[in-house]
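J.:
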Amino acid sequence: MSHLTYAKVVGTIELNKRQETILQIVKDHGPITGEHIADRLHLTRATLRPDLAILTMAGYLDARPRVGYFYTGKTGSQALTEKIKKIQVHEFSSIPVVVSESSTVYEAICTMFLEDVGTLFIVNKQAHLVGVVSRKDLLRASMGQQDLNAMPINIIMTRMPNITFCLKEDYLFDVAQILIQKQIDGLPVVKKSEQDDGFEVIGRITKTNITKAFVELAKDEMII
Numbered sequence: 001m002s003h004l005t006y007a008k009v010v011g012t013i014e015l016n017k018r019q020e021t022i023l024q025i026v027k028d029h030g031p032i033t034g035e036h037i038a039d040r041l042h043l044t045r046a047t048l049r050p051d052l053a054i055l056t057m058a059g060y061l062d063a064r065p066r067v068g069y070f071y072t073g074k075t076g077s078q079a080l081t082e083k084i085k086k087i088q089v090h091e092f093s094s095i096p097v098v099v100s101e102s103s104t105v106y107e108a109i110c111t112m113f114l115e116d117v118g119t120l121f122i123v124n125k126q127a128h129l130v131g132v133v134s135r136k137d138l139l140r141a142s143m144g145q146q147d148l149n150a151m152p153i154n155i156i157m158t159r160m161p162n163i164t165f166c167l168k169e170d171y172l173f174d175v176a177q178i179l180i181q182k183q184i185d186g187l188p189v190v191k192k193s194e195q196d197d198g199f200e201v202i203g204r205i206t207k208t209n210i211t212k213a214f215v216e217l218a219k220d221e222m223i224i
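Letter by letter, the sequence shown follows residues 1 to 224 of full-length UniProt numbering.
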């Protein structure tokens with residue numbers, strides 16, 4: 001399916017006569033299998049497959065294995081919005097890039113370059129989050145006359161408790177809003193330490209992660 005057609009489907013969809021008939025059958029008899037719908041219309045299952053896919057993708061119908069199709073009572077945009085808001089952070093978080101608080105600014109710059117990230121998370125000896133540095137922070141530090149090999153990273157980092165972070169159970173939509181509001185590239189994903197009040201870094205969520213989530217969601221909704 002072309003991108004243009006896909007855009008029309010997820011927007012305001014105009015059902016053809018057969019799709020309206022299918023929708024009415026599911027309303028009246030759902031949950032109902034695709035085979036039974038095909039029997040009622042005296043058509044093959046293969047013939048109905050594109051129509052069922054469109055109705056499911058647009059949110060009018062939902063399908064459950066070994067149960068069949070049932071009517072959701074939602075428009076396509078409502079269904080898509082619900083799916084977006086149900087995505088959790090852990091589904092798309094990536095591996096965090098951390099450096100020790102004993103590292104120098106030069107070492108942090110090298111790590112950021114080699115790992116190709118926009119944010120580094122600073123941890124202490126207990127592997128707890130104590131700071132964050134961004135690409136802008138490192139660039140600002142490198143513009144002076146200081147010896148970067150001698151400058152500790154903890155001098156320029158943003159310290160706890162002034163760090164915005166998220167949990168793996170948080171919703172990606174909420175994190176996206178935080179990134180926009182605070183104009184930052186990413187957040188550390190943390191969990192509470194079992195030994196003390198610290199937080200362990202277990203992942204990261206960036207604008208790239210969120211973009212990937214929306215692309216994957218769009219792929220799931222597209223009809224092949």
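We put the beta carbon where it would ideally sit given N, CA and C, even for glycine.
How would you write the range of the alpha helix (DSSP H) that E107 sits in, first residue to last?
T.: What you label residue 107 is simply residue 107 of the sequence shown in a count that begins at 1. Per DSSP, E107 belongs to the alpha helix (DSSP H) from V105 to E115.
J.: Report the residue from L172, S134 and D170 whose alpha carbon sits nearest the alpha carbon of T158.
T.: Within the sequence shown, numbered from 1, the residue matching residue 158 stands at position 158. Nearest C-alpha to T158: S134.
J.: Rounded to the nearest angstrom, what separates I178 and V130 at their Cα positions?
T.: Taking the sequence shown and counting its residues from 1, the one referred to as residue 178 is at position 178. Taking the sequence shown and counting its residues from 1, the one referred to as residue 130 is at position 130. The alpha-carbon atoms of I178 and V130 are separated by roughly 20 Å.
J.: Whole angstroms is fine: what's the gap from L4's alpha carbon to K17's?
T.: Counted from its first residue, the sequence shown places residue 4 at position 4. Counted from its first residue, the sequence shown places residue 17 at position 17. Interpretation of L4 is limited by its pLDDT of 32, a score under 50 that renders its predicted location unreliable; the figure taken from the coordinates is listed afterwards. Cα to Cα, L4 sits roughly 22 Å from K17.
J.: Assuming contact is defined by CB atoms lying nearer than 7 Å, are R45 and A38 in contact in what I supplied?
T.: Your numbering for residue 45 matches position 45 in the sequence shown. Your numbering for residue 38 matches position 38 in the sequence shown. Yes, these two residues count as a Cβ contact at 7 Å.
J.: Would you give the residue range spanned by the beta strand (DSSP E) that S134 belongs to?
T.: In the sequence shown, the residue the question calls residue 134 occupies position 134. Element bounds for S134: L129 to S134.
J.: Hey, quick one: how far does the alpha helix (DSSP H) through E20 stretch, first residue to last?
T.: As a working mapping, residue 20 is identified with position 20 in the sequence shown. First-last of the alpha helix (DSSP H) with E20: K17 to H29.
J.: Rounded to the nearest angstrom, what separates A150 and E216 at their Cα positions?
T.: Start at 1 with the first residue of the sequence shown, and residue 150 comes out as number 150. Start at 1 with the first residue of the sequence shown, and residue 216 comes out as number 216. Distance between the alpha carbons of A150 and E216: 44 Å.
J.: Taking the alpha helix (DSSP H) that I153 belongs to, which residues open and close that run?
T.: Along the sequence shown, one-based indexing puts residue 153 at 153. No alpha helix (DSSP H) holds I153; DSSP gives it neither H nor E.
J.: DSSP three-state label for E14, please.
T.: In the sequence shown, residue 14 corresponds to position 14, counting from 1. Three-state result, E14: coil.
J.: Secondary structure at I163, three-state DSSP: helix, strand or coil?
T.: On the sequence shown, residue 163 is found 163 positions in, with the first residue counted as 1. Coil, per DSSP.
J.: I need the boundaries of the alpha helix (DSSP H) containing P50, first residue and last residue.
T.: Position 50 of the sequence shown holds residue 50. From DSSP, the alpha helix (DSSP H) with P50 extends over R45 to M57.
J.: Whole angstroms is fine: what's the gap from V10's alpha carbon to P161's?
T.: Locating residue 10 in the sequence shown gives position 10, where the first residue counts as 1. Locating residue 161 in the sequence shown gives position 161, where the first residue counts as 1. Confidence is the limiting factor: at V10 the pLDDT is only 36, short of 50, which leaves the residue's position unreliable and the question unanswerable from this model.
J.: Note down, in chain order, each residue of its chain lying with its Cβ closer than 8 Å to the Cβ of P96, except the 5 sequence neighbours on either side.
T.: Numbered from 1 along the sequence shown, position 96 holds the residue referred to as residue 96. Once the five neighbours on either side are set aside, the close Cβ partners of P96 are F121, P188, V189, V201, I202, G203 and R204.
J.: Using CA coordinates, which residue listed in P31, F199, L48 and L15 is at the minimum distance from N124?
T.: For the purposes of this step, residue 124 is identified with residue 124 of the sequence shown, where counting begins at 1. That would be F199, whose Cα lies nearest to the Cα of N124.
J.: So V89 and L172 are in contact, right, with Cβ under 8 Å, and what is the actual spacing, rounded?
T.: As a position in the sequence shown, residue 89 is number 89, starting the count at 1. As a position in the sequence shown, residue 172 is number 172, starting the count at 1. Confirmed, Cβ separation roughly 6 Å.
J.: Three-state secondary structure (DSSP) at S142?
T.: The residue labelled residue 142 in the question sits at position 142 within the sequence shown. In the structure shown, S142 sits in a helix (DSSP, three-state: H, G or I).
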